[in-house]
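S.K.: One structure coming up, written as C-alpha cells, with questions to follow.
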C-alpha cells in the first residue's frame, strides 16, 4: 500500500466479525491495516483477505505498546476500529487478566493512536455490559446487572471499563468516539470451538454427536447475522452522531435456544439427540436489544431472516468441517454464550 | 531496615487512610514500605511517619512497572495493601484515564508482586461500586447501579474492574486476596481541598466563607472515623476468610448532609451561612453499608461516635489551617462525595 489515501485500522481484524468488517471495508474501497494477536482468529479468515492489494496484516497484541509498523504511520489513520478481544466465555476466561488488560490497556493504546492521528475511534462493546438484565429489552440507558466479582467479570467489567475510558476521551476532547454494544452475532468465520451457542449447536449436530443445551433451553437470545452487524458498525463509524451515547447493535427478534436448535436440526438430514446440562454461572436468561437508537440515528436495522442466515452459516460450517474431516474437530463442552 | 522480618507494602500509604494505616501497622510492630506517587498525598502525612525506624518511603506510580527498590526485595513481602487511587471526584476526574489505569494496571502490578512474593493482597475497593443504589442498605451481593459512561465511571468502573482482576487471581490460585469496599471515611489527614463533604464543610466553615451544600442536603451518607476503618482493614487482611467475597467496611449510622453540617456548625463559635448548589451528575442520593458480613467474619464494627470523631477532625483542621493561615486556603467548589 503506497498511495496516500487514508488508512483504516481494524484491531481484531482477523477474528469473526473483524474479518467480515475488513472484507466489507475493502469492498468499499478503503485501505485496511489489520492488527491482531491471532489469539482466537482463524488463519483462514486472514487468507481470504491477504490477497487484496489494499489489505495489510500486522501481528501484535494491543496490551503491548503499538508496534512501529503502526506508529510510523500514525498520521495516515483516519479510522480506528477496536474489535480486539476474545468474546466467548471459554476463550476470555482462559486468561482473565489478559482479557481485562486487552479491554483497558488495549483500548487506551488505540485511543492514544486515534488522538495522535486525529482519527475517529469505534469501540465494539457488548450486550454483556447489561449482565443478566432485569429489564427487557435492553435500552442503552439501562445500567445493567453485572456481577463484578464473578467469572464473567473479566469481560463484562473490562468492556464497561473500556466504555468509561472511551467516553472520557470524548469528555476531555481527545478523540471522536463511537461505542457499539454488540449483541449475539453469528455467521460464517465463527470459530468452530469458541463455545458460542450457534457454532456449538451446528458443529455438534454436524459431528453426529449429542447436542448440548444448557439449562432448559428456554433462555432467549437475539441473533444478528454478521453482514447486518458489519453494516451497522460502519454506519455508526461514519455517522455524525457525537458525544456520549453508546449504540446497541443487534437483532431484536428474540428466540429461545430451543427454537434456535430446532431451526438448525431442520437443516440436518438425520435425527439429532439433545443432552441438557446445567446453566453456567452468571449466564444471562434473556437478552434482546432495543435498537430504536440505532434505527433513529443510523437508519439501520437487520435485514437477514434467521432461517436464511442459519442456512448460510450451516453450509459454511459443513464445508469447513468436511474439509477438516481428517483432523479431529474439537467441540468444547462450554458455556452457551 | 536491615533485619529479615517480613515487610508490609502499603501502596497509597501517604494518602488519607493510607497514612493512618501505616502508623497503625508501625505501632503494631510491622515493618512498612510505603509506595506513593504523591498525587493526592499531603507531605505532612509522610513527615509524621518518616522518623520511624521501621518505615521506608518509595516514590513511584503503580501504573508503571514497580521500581527496583520494591522488586529486589519481592520475597520479603508478606502483605500487600493497595490503597493507591485518588478517591474524591475532582481529583479522580482531573485525569480520568490515569484513574482507570491506576485501578486496573496498578492493581495488576501489585497482584503480580503478591503472587511472586507469596504475599496476601488486600484491595481497597469502594462503596462507589454500588453507584447510586436502588436497594438500601447495600449488601455485598447487590450488583450496583453504576453508569459506565458517566463522569464518575473512571473511578467506579475502575474499582469494579480491579475487583474482577483480584478475584480472578483467587480463581486462578495465583494469590490470597481480600477485598474491602470502603464507605465514606473521615478524620485527620484528609486533604483540605479534596472536595469530600466532611472536609469541605469544616474547611469552608473555618474559612468564614459561605458553606456549600449540594442539592437540598437530604442526601444521606454514613461516616466512618478513620481509626475504625484502619482497624477494619487490618482485621480483614489478617482474617482467615478466603475466597470470593468482598467485605463492606463503613459505619452503618446514616446521616443527611444537613445533619452533618449542623453537627459541624455546632463546633463553631460564629454563625455560618449556607449556599445550596445543584447536585452533581450521578451523585448518589443514599449510601449506607450493610456490615453484617464484616461483623460476622471479622467481629468488627465502628466504635467512634460521630460527634467525637467530628470534634477531633475539626480540631485537626483548625490547627492545620491556622498554621497555613498565611497561604490562601483553597476550598474547591466541588462535588459532595
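Residue numbers (our numbering), protein chains in the order written: chain A, 11 to 347; chain B, 11 to 347.
Ideal Cβ placement from N, Cα and C applies to all residues, glycine included.
Since the model is a prediction, treat every value here as computed from it, not as a measurement.
(1) Compare the C-alpha of residue 51 of chain A against each of A/65, A/101 and A/140 and name the closest.
(2) Residue 191 of chain B lies in the beta strand (DSSP E); which residues open and close that run?
(3) How about residue 43 of chain B and residue 66 of chain B: do their beta carbons lie closer than 8 Å?
(4) By the three-class DSSP mapping on this structure, what secondary structure does residue 141 of chain B have?
(5) Taking 8 Å as the CB-CB limit, is residue 118 of chain A close to chain B?
(6) Taking Cβ positions only, does residue 107 of chain B come closer than 8 Å to chain A?
(7) Is there a Cβ from chain A that is less than 8 Å from the Cβ of residue 164 of chain B?
(8) Say whether chain A places a C-beta atom closer than 8 Å to the C-beta of residue 159 of chain B.
(9) What does a CB cutoff of less than 6 Å around residue 431 of chain B pick up in its chain, not counting 5 residues either side in sequence?
(10) What in chain A is Cβ-close to residue 110 of chain B, meaning under 7 Å?
(11) Does DSSP put residue 230 of chain A in a helix, a strand or coil?
(12) Around the Cβ of residue 74 of chain A, are there at least 16 other Cβ atoms within 10 angstroms (buried) or fewer (exposed)?
(13) Would you call the CB atoms of residue 224 of chain B and residue 323 of chain B closer than 8 Å?
(14) Of all the beta strand (DSSP E) runs that stay within the bounds of the stretch 199 to 287 of chain A, which reach a length of 3 or more residues?
(15) Can you give the Cα-Cα distance for residue 127 of chain A and residue 186 of chain A, rounded to whole angstroms?
(16) What beta strand (DSSP E) runs, 3 residues minimum, are completely inside the stretch 41 to 89 of chain B?
(17) Use the C-beta contact count for residue 96 of chain A: other C-beta atoms within 10 angstroms, 16 or more gives buried, fewer gives exposed.
(18) Comparing alpha-carbon positions, which option in B/137, B/149, B/156 and B/144 lies nearest residue 302 of chain B?
(19) Count the other CB atoms, across all protein chains shown, that sit within 10 Å of the CB of residue 39 of chain A; report buried if there are 16 or more and exposed otherwise.
(20) With distances taken Cα to Cα, identify the nearest neighbour of residue 294 of chain A among A/147, A/244 and A/84.
(21) Is the distance from the Cβ of residue 135 of chain B to the Cβ of residue 190 of chain B below 8 Å?
(22) Please decide whether residue 257 of chain A counts as near chain B, where near means a Cβ-Cβ distance under 8 Å.
(23) Any idea what DSSP makes of residue 92 of chain A, helix, strand or coil?
(24) Rounding to the nearest angstrom, what Cα-Cα distance links residue 32 of chain A and residue 290 of chain A in this structure?
(25) Which stretch, first to last residue, makes up the alpha helix (DSSP H) that contains residue 104 of chain B?
(26) Under 8 Å between the Cβ atoms of residue 235 of chain A and residue 110 of chain A?
(27) Going by CA-CA distance only, name the one from A/230, A/317 and A/130 that's closest to residue 179 of chain A.
(28) Put residue 176 of chain A into one of helix, strand or coil per three-state DSSP.
(29) Let me know if residue 276 of chain B comes out buried or exposed under the rule of 16 or more other beta-carbons within 10 Å of its beta-carbon.
(30) Can you give the Cα-Cα distance for residue 311 of chain B and residue 232 of chain B, rounded to whole angstroms?
(31) Using Cβ-Cβ distances below 7 Å, what residues of the stretch 185 to 205 of chain A are close to chain B?
(32) Take the Cβ of residue 182 of chain B as the centre, count every other Cβ of all protein chains shown within 10 Å, and call the residue buried at 16 or more, exposed below.
(33) At the 8 Å Cβ level, is residue 125 of chain B part of the contact set with chain A, yes or no?
(34) Please report the straight-line C-alpha distance between residue 60 of chain B and residue 69 of chain B, rounded to a whole angstrom.
(35) Between residue 116 of chain A and residue 21 of chain B, what straight-line distance do the alpha-carbon atoms span, to the nearest angstrom?
(36) So with CB distances below 9 Å, who are the chain A contacts of residue 254 of chain B?
M.R.: For this structure:
(1) Out of A/65, A/101 and A/140, A/101 has the C-alpha closest to the C-alpha of residue 51 of chain A.
(2) Residue 191 of chain B -> beta strand (DSSP E) spans 186 to 192.
(3) Yes, these two residues count as a Cβ contact at 8 Å.
(4) Three-state result, residue 141 of chain B: strand.
(5) True, the Cβ-Cβ gap to chain B drops below 8 Å.
(6) For residue 107 of chain B, the nearest beta carbon of chain A is closer than 8 Å to its own beta carbon.
(7) Judged by the 8 Å Cβ criterion, residue 164 of chain B is in contact with chain A.
(8) Residue contact check for residue 159 of chain B against chain A: a CB pair falls below 8 Å.
(9) In the structure as shown, chain B starts at 11 and stops at 347, and residue 431 of chain B therefore has no counterpart that could be examined.
(10) The contacting residues are 114, 171, 174 and 175.
(11) In this structure, residue 230 of chain A counts as strand in the three-state DSSP scheme.
(12) Exposed: under 16 other Cβ atoms inside 10 Å.
(13) In this structure, the beta-carbon distance from residue 224 of chain B to residue 323 of chain B does not fall below 8 Å.
(14) Contiguous beta strand (DSSP E) elements confined to the stretch 199 to 287 of chain A occur at 221 to 224, 230 to 232, 257 to 259, 264 to 266 and 284 to 287, taking only those with 3 or more residues.
(15) Between residue 127 of chain A and residue 186 of chain A, the C-alpha separation is close to 11 Å.
(16) Listed in chain order, they are 41 to 46 and 65 to 69.
(17) By the beta-carbon neighbour count (other beta carbons within 10 angstroms, threshold 16), residue 96 of chain A is buried.
(18) The closest CA to that of residue 302 of chain B, considering only B/137, B/149, B/156 and B/144, is found on B/149.
(19) Per the 10 Å Cβ criterion, exposed.
(20) Residue A/147 is the option with its Cα nearest to residue 294 of chain A.
(21) Taking a C-beta distance under 8 Å as the contact criterion, residue 135 of chain B and residue 190 of chain B qualify as a contact pair.
(22) Using a CB distance cut-off of 8 Å, residue 257 of chain A does not count as an interface residue toward chain B.
(23) It is a strand residue.
(24) Their Cα atoms are separated by approximately 33 Å.
(25) Where residue 104 of chain B is concerned, the enclosing alpha helix (DSSP H) stretches over 99 to 104.
(26) Taking 8 Å as the Cβ cut-off, residue 235 of chain A and residue 110 of chain A do not qualify as a contacting pair.
(27) That would be A/130, whose Cα lies nearest to the Cα of residue 179 of chain A.
(28) Residue 176 of chain A sits in a helix when the DSSP states are folded into three classes.
(29) Under this definition residue 276 of chain B is an exposed residue.
(30) Approximately 13 Å between the Cα atoms of the pair.
(31) So the list is empty, because no residue satisfies the distance condition.
(32) That one is exposed.
(33) Under the Cβ criterion of 8 Å, residue 125 of chain B is not counted among the residues facing chain A.
(34) Rounded to whole angstroms, residue 60 of chain B to residue 69 of chain B spans 13 Å at the Cα level.
(35) Those two C-alpha atoms are separated by around 25 Å.
(36) Within 9 Å Cβ-Cβ: 159 and 160.
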